[in-house]
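Notes to accompany the following structure.
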Amino acid sequence: MSDVPLHRQLGLTDDEAALIPELLGREPTDPELVMFSLMWSEHCSYKHSKPLLRGFPTTGARVLQGPGENAGVVDVGDGIAVALKIESHNHPSAVEPFEGAATGVGGIVRDIIAMGARPIALLDSLRFGELTSARSRHLFTRAVAGIGHYGNCIGVPTVGGEVSFDDRYEESCLVNAMCVGILGPGGILRAAAQGPGNALVLFGNKTGRDGIGGASVLASAELDEAEDKRPSVQVSDPFTERKLMDCCRELAESGTLVALQDLGAAGLTSAASEMAAKGGVGLDIDLDLVPLRETLAPAEILVSESQERMLAVVLPEKLEEMIAVCRRWDLDATAIGSVTEGENLVARSGGAVVVDLPARLLADDAPVYEVPRVPAPTGTPLDLATIPEPADLAAAWADLLARPNIASKRWIYERYDHLVGANTIRRPGGDAAVVRLPGSDRAIALTTDCAERHCEIDPRGGGRASVLEAARNLACVGARPVAATDCLNFPNPEKGSTGWRLAESIAGMAEALTALDVPVVSGNVSLYNESATRSILPTPVVGMMGLLERADSSVGHAFADAGDVVLLVGDDGVLDASEYAASPGGALPDVDVSREVAAIELVLRAAEEGLLRSAHDVSGGGLAVALAECAMAGGIGATARVDSGRRDDEVMFGEGGGRMLVTLAAGDVERFQGLADPSVRVRRLGEVGGDAIVMRVGATEVTLPVERAREAYERGLPEALA
Amino acid sequence: MSTTVAVLRFPGTLDHDSAVRAVEGLGATAVEAWHADAALPAGTDAVLLPGGFSYGDHLRCGAIASRAPIMGAVRRHAEAGGRVVGICNGFQVLCEAGLLPGALRRNSTLSFVCRQMELEVADDETPWTPGLETGAVISIPIKNNEGAWYGDAGTARVVLRYRDNLLGSTDAVAGVANAAGNVMGLMPHPEEACDALLGSTDGQIVLAGLIA
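Just so you know, the sequences run in chain order C and H. Sequence positions in the first sequence follow this note's numbering and run 40 to 761. Sequence positions in the second sequence follow this note's numbering and run 2 to 213.
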């Protein structure tokens, strides 16, 4: 037996353990202590991040459900409401990448189902160590396989996402999954339990020992002995998830359910205590009735994180009908208890009461901590003298196109079914995915973005940049940003400057979101992403949704016709924190939110007026890479002249500046310029045409044939994985 | 009177709704046929087995579904000369049921592949490529993990071949019919190529074979 007290083994601090008897007025039973340890974990309670999250804008005319439910819900017009949320499954993926990533997809899909919505799209934001590391290649390829396995089997298209590789993610990879769903005629379902006497029904998979301690042991502490934690990773069953999806759709449309909640972190404990606390009612559960895969102790039943399970509150007179629907889908469905007067969550086993406590103590009353906010020192600008100027700029350009962070992500997205459902208008590989809203002329655009290198140097600027890049990606497909969901991936907030970086990133994101008038409707926080030797970069991932009033009006990034004029919207880039420089540190110019928002507005208005032949966000690899990507997509080259005064490689490969590359028919240039706010810089670079991309930087001319660009771009990722 | 197409639904069927939309887009009426029923819906003129992961692909892709109660009715419909098309998992089910020759194996890429593909008409005398001559090319996406057809290409009635045999099918087979031509299976997804907004309408050509 360990000498370590039980509460510490469970992840509770001594102070937290002392607080529990004070709140209860007695010592907790062992099952109760286990429940507290999970519900008071960072993963379930947000005890270190809650005070900071209040800075986000969360309201707006379109918001039907803001943060606090299983997912946010937004009105997109035409009587259609869309649910969206992003969530992390980082620690399980670092321990067991296939199941960790797969169950990450499963969990976020159930969050959408729990709102009464039908999932219509998935995206994944991934961060791994450099692919020169065998360990990172293993984690990355297995995580992609897990995402594909789950998403492909449940029939929800994986339409987009992003990935980057940096050695700071070597020991703590990030797997964030975003799901978007469309509400059915039954409207929004919520988690609040209601109506004493109503039945509590557990349905879906049987309960087993997998995933015990997932929320506390895995997700709320640093990972040092990951090998020992493998039993805390859940196991995926996408076939059952698909049946749950079909079953819940039928239940939601038939109006059978009073409330619905998925079982995620902390399993039945979390689902039941949140349903009771939100509804201001009690729940009485007989654990002997829970269908089990194997013999489990009461505490294990309460906290098992077995996947593909849902908990519903059902009117007694509808119970038989509800269970019949589940049976039709070959799913277990069992009334395990009922809604009661009062506020207590009661659990019985073998006739004895093993848990009896106010649900809000678990769901709402975790202690809240202010994280220390120690500012990190300001960086010094990158010394360009440390980066040798390449003799052959065309070769440097091609090499950059082959780097895994820049290269085509075809190797990933062709492993995902990105078409199922027959709604995918713009497939992966562009700025944002565009998905038709079934039964409507409208479409939504979806993207995930994060400027983590920027966040490392300047977390406030990086927070702004992450939001603005997402908005640019949407604008470039012609979609007006309407809602965001966020996943804040950080190291241990109790150490060093992490708390400050977290607070600053949130502040920067909030500034940009407010300027764009885009509310955050849901989100997730993942802390403790560090090992004994390495911490991840601050990685506040932004998932953003845009709206197209006409599904057939979306814009792509492919150059269209010879003679189209190439324009650059936005300011100059720099090599600090760029993919080309590939050296940590540096200093970046302030992100001017209002100018960048004005540039986004310009591109949006041009798209709405039908002026754009193509549009593309200038991001990793700078202007040269953006030009090449448009040329490869269109199978036609371009010439682009940029005035210099700076080093040629900085002009070609510098990043930032809030830039977008657009093409128009020659006759539309004047109209486009007329739409621009005076603060926005618009430069005419050249014309589309030919079979090479020709950049004239001052007196230097660099030529890259489109086919040579494509060869490098398509080779990069497969070669790095070979 | 419009043609009534029964669209099968097994547990794990994913493409039921897209297939219904595609069929309705051709002016036909779509009705659901449930796996556990022993008969097709009254008035069924043609049958569509959509894609997905019926029964979670447990045992072998399509193996369990091929023995579902509804399949007896599908067999009788086919034997009576009725039109039947199986798409992706539906193709796997028809092969497992012995209604089509050959079997579907793991892709030679050893991975799931989702990609737009060019297909060449190999036999212009079946009902499944109306208006096209042998050699004509259509564009329809694939998305599968076990999509490499294996069989005797000399005796099978090959309807469609891949121009790029990415998955490693025998003789680049993308779709085959039975000898009579009334039953056809293909790995590409015509129901996802029925709308110019999504990039191709060539799927309508294939699905038009359901409509007498």
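Backbone N, C-alpha and C define an ideal beta-carbon position, used for all residues, glycine too.
Own chain partners of residue i with C-beta closer than 7 Å, once the 5 adjacent residues on each side are dropped
i: Y208(C); result: R166, F167, G168 and I575
i: G64(C); result: none
i: A663(C); result: W436, M691, F692 and M734
i: A731(C); result: G676, T742, L743, P744 and V745
i: K534(C); result: none
i: R475(C); result: N462, I464, A482 and A590
i: N94(H); result: Just to set this straight, residue 94(H) is Val in the shown sequence, not Asn. These residues qualify, in order along the chain: L50, S55, G63, A66, S67 and G87.
i: E347(C); result: G145, G243, N244, D276, T279, E280 and L283
i: D776(C); result: Look at the range of chain C in this structure, 40 to 761, and you will see that residue 776(C) is not part of it.
i: A265(C); result: Residue confidence for A265(C) is low, a pLDDT of 49 falling below 50, so the modelled location carries little weight; the figure read from the coordinates is stated next. Cβ within range, chain order: A133 and V134.
i: A175(H); result: L120, L161, R162, Y163, L187, M188 and P189
i: G696(C); result: G609, D610, D611 and G612
Whole-angstrom C-beta distance between residue j and residue i, which should lie under 8 Å
i: D325(C); j: I375(C); result: 6 Å
i: N522(C); j: G111(C); result: The sequence as given places Ala at residue 522(C); Asn does not occur at that position. That pair is a contact at about 7 Å.
i: F692(C); j: L606(C); result: Not a contact, Cβ separation roughly 20 Å.
i: A173(H); j: R158(H); result: No, A173(H) and R158(H) are not in contact; Cβ-Cβ is about 15 Å, not under 8 Å.
i: M548(C); j: P577(C); result: Actually they do not touch by this definition, with Cβ atoms about 11 Å apart.
i: V560(C); j: T524(C); result: 6 Å
i: G609(C); j: A638(C); result: 5 Å
i: P102(H); j: G152(H); result: 5 Å
Contacts of residue i in chain H (Cβ-Cβ under 9 Å)
i: R281(C); result: P12, G13, T14, L15, G53, F54 and G57
i: H457(C); result: C115 and K144
i: F278(C); result: P12, G13, F54, Y56, G57, D58 and H59
i: R475(C); result: D196, L198 and L199
Proximal residues of chain H, C-beta to C-beta of residue i below 7 Å
i: L322(C); result: Simply none; closest approach about 30 Å.
i: I464(C); result: L198 and L199
i: G187(C); result: F113
i: N191(C); result: F113
i: A140(C); result: What A140(C) touches in chain H: nothing, since even the nearest Cβ is about 14 Å away.
i: W368(C); result: P12
Per-residue contacts from residue i into chain C (C-beta, under 7 Å)
i: V114(H); result: E453
i: R22(H); result: A461
i: E193(H); result: L458 and A461
i: S19(H); result: G460 and A461
With 16 other Cβ atoms within 10 Å as the buried cut-off, status of residue i
i: S109(H); result: exposed
i: R503(C); result: buried
i: P224(C); result: exposed
i: S3(H); result: exposed
i: L222(C); result: buried
i: A213(H); result: exposed
i: L400(C); result: buried
i: G661(C); result: buried
i: P128(H); result: buried
i: R499(C); result: buried
i: L111(H); result: exposed
i: E108(C); result: buried
i: P757(C); result: exposed
Close beta carbons around residue i, own chain, < 6 Å, minus the five adjacent residues each side
i: E344(C); result: G250, G253, Q273 and G306
i: L161(C); result: G190, V195, T197 and C218
Chain-order list of residues whose beta-carbon lies under 8 Å from that of residue i (same chain, five-residue window excluded)
i: L228(C); result: A153, M154, G155, A291, L296, A298 and L299
i: E138(C); result: P131, G185, V272, Q273, V274 and S275
Contact with chain B by residue i, beta-carbon distance below 8 Å
i: A590(C); result: Structure shown: chain B not included; protein chains present are C and H.
Contact set between residue i and chain H, taken where Cβ atoms lie within less than 8 Å
i: R181(C); result: By Cβ distance, chain H contributes nothing, its closest Cβ being about 13 Å from R181(C), past 8 Å.
request  = Count the CB pairs spanning the region 460-473 of chain C and the region 131-149 of chain C that are closer than 8 Å, and state whether there are at least three.
outcome  = no
task = Flag this pair as touching only if the region 61-80 of chain C and the region 527-538 of chain C have three or more C-beta atom pairs under 8 Å; answer yes or no.
result = no
request  = Would you check if there are 3 or more beta carbon pairs closer than 8 Å linking the region 191-204 of chain H to the region 12-20 of chain H?
outcome  = yes
ask   = Within the chosen definition, does the region 328-348 of chain C reach the region 398-412 of chain C through at least 3 CB pairs nearer than 8 Å?
value = no
ask   = Contact between the region 658-674 of chain C and the region 633-644 of chain C: three or more CB pairs below 8 Å?
value = As far as the Cβ criterion goes, the region 658-674 of chain C does not touch the region 633-644 of chain C, which means the pair count is below three.
ask   = Pairing CB atoms from the region 538-547 of chain C with CB atoms from the region 412-430 of chain C, are three or more of them under 8 Å?
value = yes
query = Per the contact definition of three or more C-beta pairs closer than 8 Å, is the region 160-174 of chain H in contact with the region 133-149 of chain H?
reply = yes
message = Under 8 Å: do the region 346-363 of chain C and the region 432-447 of chain C share three or more Cβ pairs, one atom per stretch?
response = no
query = Counting Cβ pairs closer than 8 Å, one from the region 417-425 of chain C and one from the region 622-629 of chain C, do we hit at least three?
reply = yes
inquiry  = Count Cβ pairs between the region 89-103 of chain C and the region 445-459 of chain C that sit closer than 8 Å; are there 3 or more?
reply    = The region 89-103 of chain C makes no contact with the region 445-459 of chain C: fewer than 3 CB pairs, one atom from each, lie closer than 8 Å.
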